[in-house]
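In my numbering, the protein residues as written are 255 to 592.
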Ligand SMILES: Cc1ncc(COP(=O)(O)O)c(C=O)c1O
């Protein structure tokens with residue numbers, strides 16, 4: 255959420271402002287007060303329309319969110335999405351990053367894409383900016399093709415900024431993208447995408463649950479799972495230590511703290527609400543996901559079985575190094591609750 259952004263965008267003289275040196279230009283951002291709106295794990299990181307109304311009542315003028323959301327894998331759909339847009343109409347600018355819009359499992363994989371566009375009454379009047387591109391749902395990150403849908407006035411200003419900053423997307427790739435965006439083709443592509451990724455999501459969810467993780471909700475979109483590690487043994491119950499332990503098994507996850515919004519760095523790292531989380535991606539191929547989940551199991555096995563000598567072991571005079579091996583086979587290990 256960036257208060258004050260609207261004033262800058264609406265001047266119509268944005269291009270002039272941006273003709274300054276980079277340092278001065280970046281200095282402009284200091285005028286924006288970014289206020290994160292924390293969502294609650296207890297209700298699956300849902301965005302409640304009431305919360306948005308509350309923020310607007312206290313004077314927020316721009317609301318920025320991705321929908322669907324990375325890293326929680328949750329999406330807000332109609333009628334609540336429409337309700338939020340109604341609350342904001344004529345009061346605040348809404349910016350939706352819809353890069354993951356195709357990865358939605360809320361409509362039985364029928365190819366439907368959740369988008370705020372559906373609720374826009376007049377594209378030039380509604381203060382709604384929708385950002386999308388080829389990176390995620392068309393799986394072409396290297397093309398660097400993205401677009402923004404919104405009122406002409408905004409698009410003109412953003413276009414000026416973009417062409418000044420990086421010159422914009424190269425024309426051959428833009429031209430190659432147009433036939434790919436033909437609606438019937440997109441619909442067929444999204445249907446295949448949703449079916450394929452829902453299978454991978456269900457696989458990952460199933461494996462994690464069998465390992466003992468309790469998932470408070472099944473992610474309804476994206477290809478990410480926000481995994482709570484707090485029930486694991488202390489040695490691996492935070493994102494950084496779990497990440498390190500996974501590296502030993504050639505598995506990569508992203509420590510949760512990388513997703514923390516901590517403007518002005520007011521909070522200590524260990525107080526972060528993301529500290530005990532990692533983001534798991536089920537983007538890779540199924541065979542790779544299988545290897546990844548096998549790696550998770552090895553990590554957990556290594557850490558949850560606390561070797562202790564059982565009587566048979568002690569009586570047999572087995573060396574301490576052997577206890578672990580014997581315990582892992584299930585004779586005397588202590589299985590921590592996950
Ligand atoms: C919410 C969101 N929007 C957009 C993008 C796409 O960014 P890029 O095209 O720079 O990879 C990402 C990438 O992870 C993302 O998470």
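Beta carbons: idealized from backbone N, C-alpha and C, even for Gly.
Indicate the three-state DSSP secondary structure (helix, strand or coil) for residue 414 in the structure shown.
-> helix
Can you tell me which of the three DSSP states residue 481 falls into?
-> strand
List in chain order: all unbroken beta strand (DSSP E) runs of 3+ residues lying wholly within the region 384-455.
-> Taken in chain order, the unbroken stretches of beta strand (DSSP E) that lie wholly in the region 384-455 and span 3 residues or more are 400-403.
Would you please state the rounded distance, in angstroms, between the beta carbons of residue 477 and residue 537? I believe it to be under 8 Å.
-> Cβ-Cβ separation between residue 477 and residue 537: approximately 5 Å, consistent with a contact (criterion under 8 Å).
What is the rounded straight-line gap between the Cα of residue 306 and the Cα of residue 404?
-> Those two C-alpha atoms are separated by around 20 Å.
Closer than 7 Å: is that where the CB of residue 389 sits relative to any heavy atom of ligand 1?
-> yes
Sheet register partners of residue 317 (DSSP bridge) | 348
Got a sec? Which residues, its chain only, sit under 6 Å from residue 349 by beta carbon, not counting five neighbours each side?
-> 318, 383
Is residue 288 helix, strand or coil when you go by DSSP?
-> DSSP places residue 288 in strand when its eight states are reduced to three.
Assign residue 353 to one of three DSSP states: helix, strand, or coil.
-> coil
Leaving out the 5 sequence neighbours to the left and right, which residues in its chain are closer than 7 Å to residue 471 when beta-carbon positions are compared?
-> 298
Could you say which of 344, 468, 309 lies nearest to residue 295 if we only look at CA atoms?
-> When each option's Cα is compared against that of residue 295, the closest is 468.
How about residue 424: is its Cβ closer than 7 Å to a heavy atom in ligand 1?
-> no
Count the CB pairs spanning the region 495-502 and the region 456-468 that are closer than 8 Å, and state whether there are at least three.
-> Taking 8 Å as the limit for Cβ pairs, the verdict is that the region 456-468 does not touch the region 495-502.
Range covered by the beta strand (DSSP E) that runs through residue 542 | Looking at the DSSP string, residue 542 is not in any beta strand (DSSP E); the run it does join, the alpha helix (DSSP H), is 540-558.
At what residue ranges does the region 493-518 contain a whole run of the alpha helix (DSSP H), taking only runs of 4 or more?
-> 493-502
What is the DSSP secondary structure of residue 535, counted as helix, strand or coil?
-> Residue 535 falls in the strand class under three-state DSSP.
Any beta-carbon of chain B closer than 8 Å to the one on residue 445?
-> The structure shown contains no chain B, having only a single protein chain.
If you count every other CB in all the chains shown that lies within 10 Å of the CB of residue 540, and 16 or more means buried, which is it?
-> exposed
Compute the minimum distance between the beta carbon of residue 351 and the heavy atoms of ligand 1, and state whether it is under 7 Å.
-> yes
Is the region 438-446 close to the region 349-365, with three or more CB pairs under 8 Å?
-> yes
Is any heavy atom in ligand 1 found nearer than 7 Å to the beta carbon of residue 475?
-> no
Report the rounded CA-to-CA distance for residue 522 versus residue 531, giving the unit in angstroms.
-> 16 Å
Cα-Cα separation between residue 363 and residue 456, rounded to whole angstroms = 13 Å
Out of curiosity, what's the CA-to-CA distance linking residue 524 and residue 453?
-> Looking at the two C-alpha atoms, the distance is approximately 35 Å.
Residue from 445, 410, 436, 398 whose Cα sits closest to the Cα of residue 424 = 398
C-alpha distance - residue 554 paired with residue 285, whole-angstrom precision | 46 Å
For residue 475, does the three-state DSSP call read helix, strand or coil?
-> Three-state result, residue 475: strand.
Residue 379, enclosing alpha helix (DSSP H) - first and last residue = Looking at the DSSP string, residue 379 is not in any alpha helix (DSSP H), and its letter there is neither H nor E.
Verify the contact flag: residue 321, CB atom, against every heavy atom of ligand 1, threshold strictly below 7 Å.
-> no
How is residue 358 classed by DSSP in three states: helix, strand or coil?
-> In the structure shown, residue 358 sits in a strand (DSSP, three-state: E or B).
8 Å Cβ shell around residue 502 - same chain, five flanking residues per side excluded = 553
Tell me, please, whether the region 334-353 touches the region 308-323 by the rule of three or more beta-carbon pairs shorter than 8 Å.
-> yes
Going by the C-beta, is residue 538 closer than 7 Å to any heavy atom of ligand 1?
-> Residue 538 Cβ: outside cutoff for every heavy atom of ligand 1.
Under 7 Å from any heavy atom of ligand 1, does the C-beta of residue 395 make it?
-> For residue 395, the distance from the CB to the nearest heavy atom of ligand 1 is below 7 Å.
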